[in-house]
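Worksheet for the structure shown next.
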């Protein structure tokens, strides 16, 4: 029998014929924990060349935003005048801060702007005089870009829409970037960031003050040690209350665009690390939150560094039930801040991180993050906010489809209606980066039921399926498979609750699974374009694998057919699937 032919024996029903689900090496190759971990032992083993290829969001922005930078239409002069730049290209400092949620709806207390045709909104957390003074101190004689002085604060102003749409370029082209904590939190930020050294080290920082707890140590913790651990966890759980800059959606975008920005206190003085006395930057806050996230995970993981967890052995930590619940609140706060993997996120992950922050206006779910992704759309506050989000999702899928589909799921993960969309429980494939999209856009919309609509699909014919299965058996592929989706379409052939990590056995099982699905469903591929950053291992072509349960291996699909996302496949060479089938298809 030829190697490409797979035979499935259906004569013995029951568990004995169930195949263990294959788990391939794409997650190990592309998971975020192999990337840009500048604090801890992982950094010691990476070569400089590889680090340049996978350095994440900064490298992504530099290549995506291009060399021709659109300059801001307005700047704030050292004398405090908002002026049109025209042909002028002075150096300027861009200042990130948060204010919108404390703005009064009644604008009678707004203050005039010299050179502007609008007024600066008044808010409850700082005065206009404090803002002006801090800008002058931070800018130190330079021009500055500050949103309320450089963007008209009126939704119907075309200049406002234009400036918001190019905010990514505005932040990128600044000669210097700063964060002003005008809304407070400098002391908490200083303390928390000082738990982690701001220089590279191979020693894992003791952010939760648990150094006295070693694996399987039978000794009870001293009360003062317990108290310090609880105090730190409580401080983390309240971090966004103390430092509200960290839960604004707009500031997430600004952090992604300029991670080297320094923090300044309310009067405009730099916030310094307690030990090194160096200015604290967004990058150091990112490293701090990453370390905190990992230590909090250790408290939940029985296989972690301590050998026990707060679920089964809370007494080993000396935690009361109330203090144990505090750990979960701290984890939620870290998730809200969403900075711990920011420098390595691809487009799909940046968008997902933005969902943890609540904008004051629903439209800003798009406008407040699109500059960080590098895929802006026209700003229209008069359109329905859900319509704007759907337009953005379609635009992202036509521009960066690989990064939007760079994830897979475990069997236990339930999702409601949008299997095609990355969520917090999905396992991310961070390293996957888009070099270029397909030659023509295929994603056309989002249906009223939340399905992703495409206008063409490569339905697998017997010959194209044979080529696919040949590559699987020859182990000439990478896969990130959605175990939950296979469970829904396999009719019990695949036992998804157990799995094999053996690549050879997994490839054989996957070939058997595909053969069975091909006999029962329409299998299709959606070309996602070309990958960059994996040239050293030659992986280049990415496809979305989908299946629809209607037909016996038919090579055509009726108009309006619905397909389930099964996962992402990556090859070194293009998979020749024949001419695509045109129509309207829905991915669920």
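In our numbering, the protein residues as written are 808 to 1395.
Even for Gly, the Cβ is constructed at its ideal location relative to N, Cα and C.
Query: So, residue 905 versus residue 1044, is the Cβ gap smaller than 8 Å?; Result: no
Query: Curious, which full-length alpha helix (DSSP H) runs of at least 4 residues does the stretch 1028-1108 contain?; Result: 1030-1044, 1046-1049, 1056-1064, 1089-1107
Query: At what residue ranges does the stretch 939-997 contain a whole run of the alpha helix (DSSP H), taking only runs of 4 or more?; Result: 954-957, 965-972, 974-980
Query: Identify whether residue 1349 lies in helix, strand or coil by the three-state DSSP scheme.; Result: strand
Query: Going by beta-carbon coordinates alone, are residue 1234 and residue 1291 separated by less than 8 Å?; Result: no
Query: Which stretch, first to last residue, makes up the beta strand (DSSP E) that contains residue 1241?; Result: 1240-1243
Query: Does DSSP classify residue 911 as helix, strand or coil?; Result: coil
Query: Which residues mark the beginning and the end of the alpha helix (DSSP H) in which residue 1129 is found?; Result: 1128-1144
Query: Against chain D, with Cβ distances strictly below 8 Å, would residue 1002 count as a contact?; Result: Reference to chain D is not applicable here, since this structure consists of a single protein chain.
Query: By the 10 Å Cβ neighbour count, where 16 or more other Cβ atoms means buried, how is residue 1066 classified, buried or exposed?; Result: buried
Query: Only counting the same chain, and skipping five residues up and downstream in sequence, which positions put a Cβ closer than 6 Å to that of residue 1190?; Result: none
Query: What are the boundary residues of the beta strand (DSSP E) that residue 901 is part of?; Result: 899-903
Query: Do residue 1184 and residue 1198 count as a contact pair if the criterion is CB distance below 8 Å?; Result: yes
Query: Give me the Cβ distance between residue 1016 and residue 994, rounded to the nearest whole Å; I'm assuming they're in contact under 8 Å.; Result: No, residue 1016 and residue 994 are not in contact; Cβ-Cβ is about 18 Å, not under 8 Å.
Query: In its own chain, which residues sit with a C-beta less than 7 Å from the C-beta of residue 1209, not counting the 5 before and 5 after it?; Result: 1239, 1241, 1335, 1336, 1338, 1349
Query: Note down the Cα distance separating residue 1319 from residue 1154, rounded to an integer number of angstroms.; Result: 34 Å
Query: Span of the alpha helix (DSSP H) holding residue 1194?; Result: 1192-1206
Query: Less than 8 Å between the C-beta atoms of residue 1278 and residue 1378, yes or no?; Result: yes
Query: Given that a residue counts as buried once 16 or more other Cβ atoms are within 10 Å of its Cβ, and exposed if not, what is residue 982?; Result: exposed
Query: Going by CA-CA distance only, name the one from 1166, 908, 1133 that's closest to residue 933.; Result: 908
Query: What first and last residue would you give for the alpha helix (DSSP H) that runs through residue 1271?; Result: 1269-1280
Query: Does the stretch 968-980 come close enough to the stretch 877-897 that 3 or more CB-CB pairs lie under 8 Å?; Result: yes
Query: Taking contact to mean at least 3 C-beta pairs separated by less than 8 Å, is the stretch 914-923 in contact with the stretch 941-952?; Result: no
Query: Go ahead and pull the three-state DSSP assignment for residue 919.; Result: strand
Query: Closer than 7 Å by C-beta to residue 890: which residues in its own chain qualify, once you throw out the five before and the five after it? Chain order, please.; Result: 881, 882, 884, 922
Query: Distance, Cα to Cα, residue 1059 vs residue 962?; Result: 22 Å
Query: Let me check understanding here. Comparing Cα to Cα, which of 966, 1285, 1324 lies closest to residue 1236?; Result: 1285
Query: Are the beta-carbon atoms belonging to residue 1148 and residue 1097 less than 8 Å from one another?; Result: yes
Query: Leaving out five residues before and five after residue 1346 in sequence, what residues of the same chain have Cβ atoms less than 7 Å from its Cβ?; Result: 1285, 1338, 1377, 1379
Query: Please state the DSSP three-state secondary structure of residue 1180.; Result: helix
Query: Should residue 942 go down as buried or exposed, given a rule of 16 or more other Cβ atoms within 10 Å for buried?; Result: buried
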